[in-house]
Amino acid sequence: MTSPLVLAVPAKGRLQENAEAFFTRSGLALIKPRGARDYRGAVAGLDGVEVAYLSAAEITSQLAAGAVHLGVTGEDLVREMIPDADSKVVLIEGLGFGFANVVVAVPQAWIDVRSMADIDDVATAFRHTHDRKMRVATKYVSLTRGFFSAHGIFDYRIVESSGATEGAPAAGTAEMIVDITTTGATLAANALKVIEDGTILRSQANLVAARGAPWGASERELARVILDRIAAQQRARAFREVRARFAACDARLVDSARQKFGVVTPFGGPTSSGMLTLHCPPGEVYALTSFLRENGAEAVAVADLDYVFSRDNPLYAKLEAGL
Amino acid sequence: MDASVTTAAQGPDARAEALIASYERAGYRRCAPAILQPAEPFLDLSGEDIRKRMYLTTAPSGGEFCLRPDLTIPVSRDYLASPAAGKPMGFCYLGPVFRHSGDGAAEFMQAGIESFGRADKAAADAEMLARGLEATAHYGLTQPDIQTGDVALFVNFIAGLDLPPAWKRRLIKDFNRKANLAQDLDRLVLGGNNERPEYQGVLAALAGADPKGAHALVTDLLSIAGISAVGGRSVGEIADRFLEQAALGASTKLPRDVRALIERFLAIAGDPDQAAAALRALAGEADLAPAIAPALDLFEYRTGFLAAHGVDPARVRFSTAFGRGFDYYTGFVFELTDPSRTGDPLVAGGRYDELLSRLGSAQAIPAVGFAVWIERLAVYGGGA
């Protein structure tokens, strides 16, 4: 019996909902044959894949250890939890959800502080004035240390915080914080402001592969299938299909549409009868249809795409290159 | 499993024991601080960067502990806790220390000396270098490279310059990180810290104001805004620095001649006599002779004591830019290396006059010491 390819998926919360929706869109419906409470699942119609439901932090450490092949987790956790992450895992693709920035934030009252250079100066002055080092509350110990070190800041102490970090300055347990934020609303509600050049990482949920997992021929083949479907779905979502047929349509017109609207021509074109199929970025659809009509098209049809498969498999190529 | 933790250090060999015995005969009391230490003093005094190299553990009661990553802080703490605290005392030690370092062994042996409370600093500095040379000679390496520096010279020199206090603080802090120091100098010359459109009007309005009135105004503004969560900095502190920035706004640009002066200072190197002559000449030219005198006088006495210990000054390489990358050194620093091998320090140390105060001593206690890497010396195989 061949060993399965293990795909780790977040076990709860928004991340789970988003991840399941993402896989379903990619034609990879996650199922739990033994009931909803089970923490092991499968992919409908794709034998040999085992789905492991874990917390995002566990997924990250399992990827680092090579105990799962693929997993969905935030880049913030990958960078924080895995020393020299790029030697242990391959970040295959950002999934377009779970956005969060890891930022440095200080009390709004610090009107003299706007940049990391200010923090550097304030930290040193603080040590001289208070005879102790300024405290930074965070759960991102490694990210903070690396970022502060890169900015030449050494007069600080990290206070590990596992929750409600943004409350630390008001509670008096730290002077400033490093935390994740999506809109900044929670920071503002706690009278904190983000430092201008204090964004440590722009993070989102990623599909991540473990370099240290056993990658035999069967695991690679399953990964190829999974990544092919994901790529087809992502390509489909990046474009709308625009079709038209008119006599004046020629190669010069297609070239001009390519330059103006960023369209691609998956099937070449136009045909001898003037039939043209374009894939257009969603934001340019209306402009493109106007352009086509101005150049003689009577009717232009626009449709959503479900999948666009192509011969190449860029995501799998990335995985292969990283293993 | 991490390969670095499977290799236990070999027990102290007879040669290391003989080295320590010679230090004991010279009057240093042998001590053996606990291997498990509270983590706080190391993180506080050596900086957060050391955290990734430490073996940390949490006690069931919640305190953070570590396997000692060096012996300077443990020996200092034990001395402060003893009845001898504050009196002149010298200690020697031999034992394992623990530092995570890529592929190297995480547990290795260090010997060393820490000397507390000696007022004759120049003589104590020179003796430490001489005792360090005894260690390499003990293992058969009689002519290691001797690299020395002196943090106090830089501190005195910067203190004498006509610069805003904020910039002096920063240059001194960054002395141990040369990349940052170069950046600082670039920024000083370019005046790049001055892009503050948000408050430019306020700053301009306050720039010429009477300092007391301006301080009161900013303090009032902050209080009126109802700001209470100031994160450990007082409203007065914030107002002070805000005004300091206002003052800097007019003068963030470092005159090119001052930068050139700093760079010429940091380029001074050679044997101690050449360096001292060059320092006197530069200080005289720049009108900094009184500022630099305390450190430079000590420097020259030290050279004299080195000669008295039989260290040929021509063998000593001194550089004003040489630092050991630790914040707690305040004066003389040195490293003994063998460039024909790895170039890693075999013996290294220096003066740390503020460390004991920062560990809680009410009185200032001068201190100097060094550590010996036993495994690095063991490869030489010669000697006793």
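Note that the protein sequences, when read in sequence, are chains A and B. Residue 248 in my numbering sits at position 236 of the first sequence, with consecutive numbering throughout. Residue 1509 in my numbering sits at position 43 of the second sequence, with consecutive numbering throughout. We put the beta carbon where it would ideally sit given N, CA and C, even for glycine. What you are looking at is a predicted structure, and each value in this text was computed from that prediction instead of being measured.
Could you give the DSSP three-state label for residue i: helix, strand or coil?
i: Gly-1658 of chain B; result: Low confidence applies to Gly-1658 of chain B: its pLDDT is 48, below 50, so where it sits in the model is not reliable enough to give any reading.
i: Lys-100 of chain A; result: coil
i: Asp-1763 of chain B; result: helix
i: Ser-15 of chain A; result: coil
i: Gln-1609 of chain B; result: coil
i: Arg-1807 of chain B; result: coil
i: His-1775 of chain B; result: coil
i: Met-146 of chain A; result: strand
i: Pro-1663 of chain B; result: A caution first: Pro-1663 of chain B carries a pLDDT of 46, below 50, which makes its placement in the model too unreliable to give a value.
i: Tyr-168 of chain A; result: strand
i: Lys-205 of chain A; result: strand
i: Ala-313 of chain A; result: strand
i: Gln-246 of chain A; result: helix
i: Ala-1695 of chain B; result: With a pLDDT of only 49 at Ala-1695 of chain B, under 50, the local geometry of the prediction cannot be trusted, and no value is derived from it.
i: Gly-1615 of chain B; result: strand
i: Arg-1768 of chain B; result: helix
i: Gln-1829 of chain B; result: coil
i: Tyr-319 of chain A; result: coil
i: Ala-69 of chain A; result: helix
Which bits of chain A does residue i rub up against, with CB to CB less than 8 angstroms?
i: Phe-1708 of chain B; result: Ile-123, Asp-124
i: Leu-1688 of chain B; result: Ala-121, Ile-123
i: Asp-1793 of chain B; result: Phe-166
Can you tell me where the beta strand (DSSP E) with residue i in it begins and where it stops?
i: Ser-127 of chain A; result: From DSSP, Ser-127 of chain A is part of no beta strand (DSSP E); its letter is neither H nor E.
i: Ser-1581 of chain B; result: 1573-1582
i: Leu-40 of chain A; result: Leu-40 of chain A -> no beta strand (DSSP E), and no H or E assigned at all.
i: Ala-1837 of chain B; result: 1833-1839
i: Tyr-1559 of chain B; result: 1555-1564
i: Leu-66 of chain A; result: 58-66
i: Ala-54 of chain A; result: 52-55
Can you tell me where the alpha helix (DSSP H) with residue i in it begins and where it stops?
i: Trp-1633 of chain B; result: 1631-1639
i: Asn-30 of chain A; result: 25-37
i: Arg-1817 of chain B; result: Taken as a continuous stretch (DSSP letters only), Arg-1817 of chain B belongs to no alpha helix (DSSP H), being part of the beta strand (DSSP E) at 1813-1817.
i: Gly-334 of chain A; result: 326-334
i: Val-266 of chain A; result: 263-273
i: Val-301 of chain A; result: One point to set straight first is that residue 301 of chain A is Thr, not Val, in the sequence displayed. Element bounds for Thr-301 of chain A: 297-306.
i: Val-1541 of chain B; result: 1538-1547
i: Leu-1627 of chain B; result: First-last for Leu-1627 of chain B: undefined, no H or E at that position.
i: Ala-1784 of chain B; result: The question names Ala, but residue 1784 of chain B is Phe in the sequence shown. Per DSSP, Phe-1784 of chain B belongs to no alpha helix (DSSP H); it is in the beta strand (DSSP E), 1782-1785.
i: Leu-1509 of chain B; result: 1506-1512
Can you pull the chain A residues whose beta carbon is under 9 angstroms from the beta carbon of residue i, in chain order?
i: Glu-1801 of chain B; result: Correct list: empty, because the minimum Cβ distance to chain A is about 21 angstroms.
List, in chain order, every chain A residue whose beta-carbon is nearer than 7 angstroms to that of residue i.
i: Asp-1510 of chain B; result: Lys-145, Arg-169
i: Gln-1711 of chain B; result: Asp-124
i: Glu-1703 of chain B; result: Thr-141
i: Ala-1632 of chain B; result: Asp-133
At 7 angstroms on the CB atoms, spell out the chain B contacts of residue i, in chain order.
i: Ser-161 of chain A; result: Asp-1515
i: Thr-136 of chain A; result: Arg-1635, Arg-1636, Lys-1639
i: Gly-53 of chain A; result: Under the 7 angstroms cutoff, chain B gives no residues; its nearest Cβ is about 31 angstroms from Gly-53 of chain A.
For a contact meaning CB atoms closer than 9 angstroms, what does residue i contact in chain B?
i: Asp-191 of chain A; result: Simply none; closest approach about 14 angstroms.
i: Arg-157 of chain A; result: Glu-1514, Asp-1515, Arg-1517, Lys-1518
Per DSSP, what are the beta-bridge partners of residue i in this structure?
i: Asn-218 of chain A; result: A:Thr-85, A:Gly-106
i: Thr-1523 of chain B; result: B:Phe-1531
i: Tyr-1795 of chain B; result: None, per the DSSP bridge assignment.
i: Leu-213 of chain A; result: A:Val-114
i: Leu-256 of chain A; result: Note that residue 256 of chain A is Ala in the sequence shown here, rather than Leu. A:Leu-288, A:Val-312, per the DSSP bridge assignment.
i: Thr-198 of chain A; result: Per DSSP, none; premise fails for Thr-198 of chain A.
i: Ala-20 of chain A; result: A:Ala-64, A:Gly-83
i: Ile-189 of chain A; result: A:Ala-117, A:Ala-149
i: Leu-1683 of chain B; result: Leu-1683 of chain B is not bridged to any residue.
For residue i, which residues in chain B fall below 8 angstroms Cβ to Cβ?
i: Asp-209 of chain A; result: By Cβ distance, chain B contributes nothing, its closest Cβ being about 11 angstroms from Asp-209 of chain A, past 8 angstroms.
i: Gly-196 of chain A; result: Those within 8 angstroms of Gly-196 of chain A in chain B number zero; the least Cβ separation is about 16 angstroms.
i: Gly-274 of chain A; result: The contacting residues do not exist; Gly-274 of chain A stays about 35 angstroms from chain B at best.
i: Gly-108 of chain A; result: Result: empty, since nearest Cβ-Cβ is about 33 angstroms, beyond 8 angstroms.
Tell me whether residue i counts as near the ligand ZN, meaning its Cβ is closer than 6 angstroms to at least one heavy atom of that ligand.
i: Arg-1491 of chain B; result: The ligand ZN is absent from the structure shown, which contains no ligand whatsoever.
Checklist entry - Using 8 angstroms as the threshold, is the segment 1576-1595 of chain B in touch with the segment 1485-1504 of chain B, meaning 3 or more CB pairs across them? => result yes
Item to check | contact_flag[the segment 87-95 of chain A, the segment 31-49 of chain A] where n(CB pairs < 8 angstroms) is 3 or more | outcome: No contact exists between the segment 87-95 of chain A and the segment 31-49 of chain A.
Item to check | Given 8 angstroms, three or more beta-carbon pairs between the segment 1800-1813 of chain B and the segment 1620-1632 of chain B | outcome: no
Checklist entry - Is there contact between the segment 199-206 of chain A and the segment 69-76 of chain A, where contact requires at least three CB pairs shorter than 8 angstroms? => result no
Next on the checklist: Does the segment 161-169 of chain A come into contact with the segment 133-143 of chain A, if we say contact requires no fewer than three beta-carbon pairs (one atom in each stretch) closer than 8 angstroms?
Outcome noted: yes
Next on the checklist: I'd like to know if the segment 182-197 of chain A and the segment 139-157 of chain A are in contact, where contact means that at least 3 CB-CB pairs between them fall below 8 angstroms.
Outcome noted: yes
Checklist entry - Taking contact to mean at least 3 C-beta pairs separated by less than 8 angstroms, is the segment 1521-1541 of chain B in contact with the segment 1825-1838 of chain B? => result yes
Checklist entry - Is there contact between the segment 93-102 of chain A and the segment 1599-1610 of chain B, where contact requires at least three CB pairs shorter than 8 angstroms? => result Under the 8 angstroms Cβ criterion, the segment 93-102 of chain A does not count as touching the segment 1599-1610 of chain B, having fewer than three qualifying pairs.
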